[in-house]
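See structure below.
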Amino acid sequence: MLCATSGPVANLFLVRAEGRQQEVAVRTALGADRGRIAREFLLESVALGMLGGVAGLGLAYAGLRVLVSMGPENLPRMNEISLDPVVLLFTLGVSVSVLAGLLFGLFPVLKYGSPNLVNALKEGGRGGSQGKEHHRARSILVVSQIALALVLLVGSGLMIRSFQALQQVHPGFERPKEVLTLRISIPDAEVEDDEIAALTHERILERIAEIPGVTSAGFSTSVTMDGWDSNDAIYVEDFPVASEDQIPPIRRFKWISANYFETMENPVLAGRAITWADIHNRAPVVVVTENFATEYWESPAAAIGKRIRQGPDEPWREIIGVVGNVHDDGVGEDARTVIYWPQVMTNFWDNEIYTQRSMAYAIRSNRLATGGLLADVRRAVWSVNPNLPLANVRTLEELLERSMARTSFTLVMLGIAAGVALLLGAVGIYGVISYAVAQRTREIGVRIALGARHQHVSRMVLKHGLVLAGIGVIVGLGASVGLTRLMSALLFGVDPVDPVTYGAVSVGLAGIALLASYLPARRAASVDPIEALRWE
Numbered sequence: 000m001l002c003a004t005s006g007p008v009a010n011l012f013l014v015r016a017e018g019r020q021q022e023v024a025v026r027t028a029l030g031a032d033r034g035r036i037a038r039e040f041l042l043e044s045v046a047l048g049m050l051g052g053v054a055g056l057g058l059a060y061a062g063l064r065v066l067v068s069m070g071p072e073n074l075p076r077m078n079e080i081s082l083d084p085v086v087l088l089f090t091l092g093v094s095v096s097v098l099a100g101l102l103f104g105l106f107p108v109l110k111y112g113s114p115n116l117v118n119a120l121k122e123g124g125r126g127g128s129q130g131k132e133h134h135r136a137r138s139i140l141v142v143s144q145i146a147l148a149l150v151l152l153v154g155s156g157l158m159i160r161s162f163q164a165l166q167q168v169h170p171g172f173e174r175p176k177e178v179l180t181l182r183i184s185i186p187d188a189e190v191e192d193d194e195i196a197a198l199t200h201e202r203i204l205e206r207i208a209e210i211p212g213v214t215s216a217g218f219s220t221s222v223t224m225d226g227w228d229s230n231d232a233i234y235v236e237d238f239p240v241a242s243e244d245q246i247p248p249i250r251r252f253k254w255i256s257a258n259y260f261e262t263m264e265n266p267v268l269a270g271r272a273i274t275w276a277d278i279h280n281r282a283p284v285v286v287v288t289e290n291f292a293t294e295y296w297e298s299p300a301a302a303i304g305k306r307i308r309q310g311p312d313e314p315w316r317e318i319i320g321v322v323g324n325v326h327d328d329g330v331g332e333d334a335r336t337v338i339y340w341p342q343v344m345t346n347f348w349d350n351e352i353y354t355q356r357s358m359a360y361a362i363r364s365n366r367l368a369t370g371g372l373l374a375d376v377r378r379a380v381w382s383v384n385p386n387l388p389l390a391n392v393r394t395l396e397e398l399l400e401r402s403m404a405r406t407s408f409t410l411v412m413l414g415i416a417a418g419v420a421l422l423l424g425a426v427g428i429y430g431v432i433s434y435a436v437a438q439r440t441r442e443i444g445v446r447i448a449l450g451a452r453h454q455h456v457s458r459m460v461l462k463h464g465l466v467l468a469g470i471g472v473i474v475g476l477g478a479s480v481g482l483t484r485l486m487s488a489l490l491f492g493v494d495p496v497d498p499v500t501y502g503a504v505s506v507g508l509a510g511i512a513l514l515a516s517y518l519p520a521r522r523a524a525s526v527d528p529i530e531a532l533r534w535e
């Protein structure tokens with residue numbers, strides 16, 4: 000932010016110092032040394048810097064509260080972000096306010112602290128006119144502002160494009176606003192037998208499905224994007240490993256009930272889903288995702304009837320269905336290959352009967368937006384066992400938004416910085432052009448008196464602003480090409496050097512520069528030659 004604000008502040012000090020150039024020359028002629036003049040410039044700039052720092056304190060506090068409220072839940076120690084007194088004192092008193100004041104004060108000191116007495120004393124004359132060297136420093140600062148604004152805007156544009164790309168990804172489910180998710184765990188102390196625990200989950204699901212407004216309900220050891228993780232190797236019958244010591248690729252495992260895919264609205268692309276009959280009969284069946292099927296057999300249909308198993312000594316299990324891919328780790332990550340096992344299995348992981356005691360429930364209902372559904376679900380669960388708590392209650396929409404939280408949070412941060420840089424860049428161009436017009440009032444009056452058209456004067460002023468903006472855009476594009484590669488890890492579905500983003504930002508920034516130059520150009524075209532020739 001210090002870089003973003005440096006241009007306008009330095010320009011203001013330069014303009015003020017330039018206005019006092021004759022005064023400085025007179026004081027120098029009367030014996031004031033350069034050190035004393037430099038101290039006055041620096042003391043003034045430091046005082047203004049401190050006042051600006053105090054004002055910025057209030058903005059920083061409000062801004063932090065907004066950012067914390069918008070930040071992703073999974074960002075570590077997010078709620079601990081605050082204005083630490085020690086850091087604040089250092090930043091306000093040393094790092095920003097004083098340093099910025101000294102930095103900005105150096106510009107006029109270096110440029111005007113030791114004036115050319117003869118030229119400076121002539122500046123007050125009626126015929127005095129400033130040359131290009133007087134505007135060069137301010138123009139360089141404005142070009143720097145435009146370049147910085149373009150870099151930040153390109154970064155924001157790339158994040159916007161990433162966010163749009165994320166929204167186009169099919170996560171593996173539909174209409175997430177209609178799905179309530181929660182987790183129910185049955186401890187050994189509550190139900191000792193694993194099979195009875197599995198039946199308890201089944202009875203709970205039946206009670207939930209009977210709730211008015213519930214169109215479908217199912218459970219799984221993990222609902223998509225809930226952060227639960229279980230992975231192991233999978234052996235494929237048609238593709239034996241080269242040796243006994245070789246481990247096949249690791250896949251994600253989930254154990255599901257009937258109606259789970261129906262509830263999540265994850266389409267069955269080939270074959271069928273797991274049914275309660277499969278679970279009750281302990282059928283050796285399995286369902287896989289599309290990417291697993293195409294990896295081995297090129298199409299979902301070709302995978303039906305093939306067999307896989309978890310270990311080299313375990314029984315083969317037949318693939319009875321292929322479902323759509325799921326972005327289990329979030330839409331910003333590649334879709335995982337997932338193996339869906341029945342809720343209860345035999346001879347799995349050295350267990351004669353294997354089942355999971357902790358299940359994530361997915362409940363689709365049109366009552367989710369109206370409220371009251373959770374209370375009904377709680378009563379349904381407690382009608383089976385009043386000692387079972389409901390954990391991790393949230394909608395599927397919340398899980399989806401959380402998976403995009405990092406991108407959206409980064410987008411907000413870059414957007415704020417880019418907005419400030421853009422505003423200050425426009426103010427910088429406006430200030431430089433306005434000041435140049437004011438200093439060239441006499442020249443403009445002479446041009447108009449000699450027959451120059453108003454349109455010609457306007458174009459002359461606009462050209463100055465556009466040249467500054469053009470140089471800034473070119474410099475900013477070069478910097479962006481190098482810097483945006485550093486944020487590749489934050490991007491999704493867009494190249495760090497995206498022509499659409501770079502083109503749109505460049506055109507937009509040039510348009511804002513043109514708008515910022517318009518008012519000074521209009522004022523220049525309306526100069527009265529008689530008044531201009533009298534201008535002091």
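Residues in the sequence shown are numbered consecutively from 0, following numbering that gives the first Met the number 0. The beta carbon of each residue, even a glycine, is placed where N, CA and C say it ideally should be.
Cβ distance (whole Å) where residue i is taken to contact residue j below 8 Å
i	j	result
Arg250	Asn230	7 Å
Thr546	Val153	Given that the chain is displayed from residue 0 to residue 535, the structure contains no residue 546 and the question cannot be resolved.
Ser487	Ile432	With 8 Å as the limit, Ser487 and Ile432 do not qualify as a contact, their Cβ atoms being about 37 Å apart.
Leu204	Ser256	6 Å
Leu410	Met158	4 Å
Gly423	Gln144	Position check: residue 423 holds Leu in this sequence, whereas Gly was assumed. Contact holds; Cβ gap of about 6 Å.
Ser219	Ser357	In fact, because the Cβ distance is near 11 Å, the residues do not count as touching under 8 Å.
Leu151	Leu413	6 Å
Arg202	Val383	5 Å
Contact check, residue i vs residue j, beta carbons under 8 Å
i	j	result
Val343	Ala164	no
Leu513	Leu467	no
Glu177	Arg306	no
Trp254	Pro341	yes
Ser221	Ala359	yes
Leu268	Val322	yes
Ala146	Val474	yes
Ile548	Gly331	The structure shown has nothing for residue 548, since the chain only spans 0 to 535.
Phe172	Asn265	yes
Val286	Ile273	yes
Glu313	Pro175	no
Gly156	Val504	yes
Tyr295	Asp237	yes
Close-in-space but distant-in-sequence residues of the same chain around residue i (CB under 7 Å, 5 per side omitted)
i	result
Val93	For Val93, the predicted structure reports a pLDDT of 48, less than 50, and the residue's modelled location is therefore unreliable. The matter cannot be settled from this model.
Asn386	Glu189
Glu351	Thr345
His453	Ala524
Phe252	Ser229, Asn230, Asp231, Ile338, Trp340
Asp193	Ile352, Thr354
Arg522	Val436
Arg160	Val493, Asp497, Thr500
Asp527	none
Thr199	Ile185, Val190, Val383, Asn384
Contact set for residue i: own chain, Cβ-Cβ below 8 Å, skip 5 residues either direction
i	result
Ala509	Leu465, Ala468, Gly469, Val472
Glu209	Ala379
Gly212	Ser364, Asn365, Arg366, Leu372
Ala216	Leu204, Ile207, Ala208, Asn258, Thr262, Tyr360, Ala361, Ile362, Arg363
Leu518	Tyr429, Ser433
Ala301	Ala292
Val289	The question names Val, but residue 289 is Glu in the sequence shown. Answer for Glu289: Leu268, Pro299, Val321, Val322, Gly323, Asn324, listed in chain order.
DSSP beta-bridge partners of residue i
i	result
Val178	Arg363
Tyr501	DSSP lists no partner for Tyr501.
Trp348	Paired residues: none, contrary to the question.
Ile318	Val285
Tyr434	Tyr434 pairs with nothing; no bridge assigned.
Ile338	Phe252, Val287
Thr354	Val343
Val325	Arg335
Ala184	Strictly speaking, residue 184 in this sequence is Ser, with Ala absent from that position. Beta-bridge pairing links Ser184 to Ser357.
Own chain residues within Cβ distance below 6 Å of residue i, not counting five before or after
i	result
Gly320	Val267, Gly270, Arg271, Ala272, Val286
Ala420	Ala3, Leu147, Ala148, Leu151
Exercise for the section: Note down, one range per segment and in chain order, each alpha helix (DSSP H) of at least 4 residues found wholly within the stretch 251-308. Expected result: For the stretch 251-308, whole alpha helix (DSSP H) runs of length 4 or above, ordered along the chain, are 259-263, 275-279, 289-296, 299-302.
Problem - Continuous beta strand (DSSP E) assignments of at least 3 residues falling wholly in the stretch 210-253 - result: 213-219, 230-232
Problem - Whole runs of the alpha helix (DSSP H) within the stretch 457-496, excluding any shorter than 4 residues - result: Here no run is fully enclosed.
Problem - Whole runs of the beta strand (DSSP E) within the stretch 367-398, excluding any shorter than 3 residues - result: You should have 390-394.
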